[in-house]
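Data block below; observations after.
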Amino acid sequence: MTGKGVKQDHVVASGLFKKACDGGDATGCFNLGVLYANGLGVKQDHVVAAGLYKKACDGENAAGCSNLGGQYATGKGVKQDHVVASGLFKKACDGENAAGCTNLGVLYANGLGVKQDHVVASALYKKACDGGHAAGCSNLGDQYVKGQGVKQDQVVASGLYKKACDDGDAAGCSNLGGLYEFGKGIRQNTQKAIEFYGKACEMRETRGCDAYDRLRK
23 MTGKGVKQDH VVASGLFKKA CDGGDATGCF NLGVLYANGL GVKQDHVVAA
73 GLYKKACDGE NAAGCSNLGG QYATGKGVKQ DHVVASGLFK KACDGENAAG
123 CTNLGVLYAN GLGVKQDHVV ASALYKKACD GGHAAGCSNL GDQYVKGQGV
173 KQDQVVASGL YKKACDDGDA AGCSNLGGLY EFGKGIRQNT QKAIEFYGKA
223 CEMRETRGCD AYDRLRK
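Heads up: the sequence shown at position 28 corresponds to 50 in the numbering used here, and the numbers run straight through without jumps.
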């Protein structure tokens, strides 16, 4: 859905994805669900999006399972149900969808729909991070900072936050800024702190903006 080689047109895309989905293509169902979830080329409709994600998930599209899990976790288009969400995220994660692993980790870290277990959460975040999901790296960094499910290690956390930040995760940038500001796990460096807070702020992360403004005064 990037419009590469052709003029971007979500209306045309929605018609093509519908044809693909009607023909049994799970990826087409997933892509059409994304359009309905975001109101791109079609009227935004989370109920329709949920139905399309279900069809995609039933067709073994792991991203569809993850996105449908997200709708159950937030109650968009379906009745909120963290137990159902956890099952969908597990199916997505087992299907090598890194976002699904991160989302399942969040449920385990907070005891939503599953019994709280920081060891399991950390393992899921690691799988997500290894799979290239920036938020998984950032969340795993949080676990190392707090010593939840892993041995507390600010040095390891700093590396995870850096990886997350480099991959476009605003929270990772902001958290790395915090480590530089207070010299935790890395040498204290106010200029580096400002740099990473600034990156977070550019991605519209409120915490990063507030810290950036505070240090710049």
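Positions of the beta carbon are idealized from the N, C-alpha and C atoms, including for glycine. In this text, all values refer to a predicted model and were calculated from it rather than measured experimentally.
Does the distance from the CB of residue i to the CB of residue j come in under 8 Å?
i	j	result
Ala179	Gly153	no
Ala222	Ala192	yes
Lys76	Leu90	yes
Ala78	Cys51	yes
Leu146	Gly127	yes
Gly247	Gln165	No information on residue 247 is available, as it lies outside the stretch 23 to 239 that the chain covers here.
Lys149	Cys115	yes
Ser88	Asn60	no
Asp189	Ala156	yes
Gly199	Gly230	yes
Gly99	Val69	yes
Leu201	Gln174	no
Val136	Ser108	yes
Tyr183	Ser160	yes
Taking the continuous alpha helix (DSSP H) assigned at residue i, which residues delimit it?
i	result
Asp188	176-188
His155	Here His155 belongs to no alpha helix (DSSP H), and DSSP marks it neither H nor E.
Val105	104-116
Val128	120-132
I need the DSSP call for residue i, collapsed to helix, strand or coil.
i	result
His140	helix
Glu227	coil
Ile216	helix
Lys206	coil
Gln93	helix
Asn211	coil
Determine the burial state of residue i: buried for a count of at least 16 other Cβ atoms within 10 Å of its Cβ, exposed for fewer.
i	result
Lys168	exposed
Glu82	exposed
Thr124	buried
Glu224	exposed
Gln93	buried
Phe39	buried
Val33	exposed
Phe204	exposed
Lys101	exposed
inquiry  = Suppose only complete runs of 4+ residues qualify. What are the alpha helix (DSSP H) ranges in the segment 43-83, listed by chain order?
reply    = With a minimum length of 4 residues, the continuous alpha helix (DSSP H) runs that stay inside the segment 43-83 are 48-60, 68-80.
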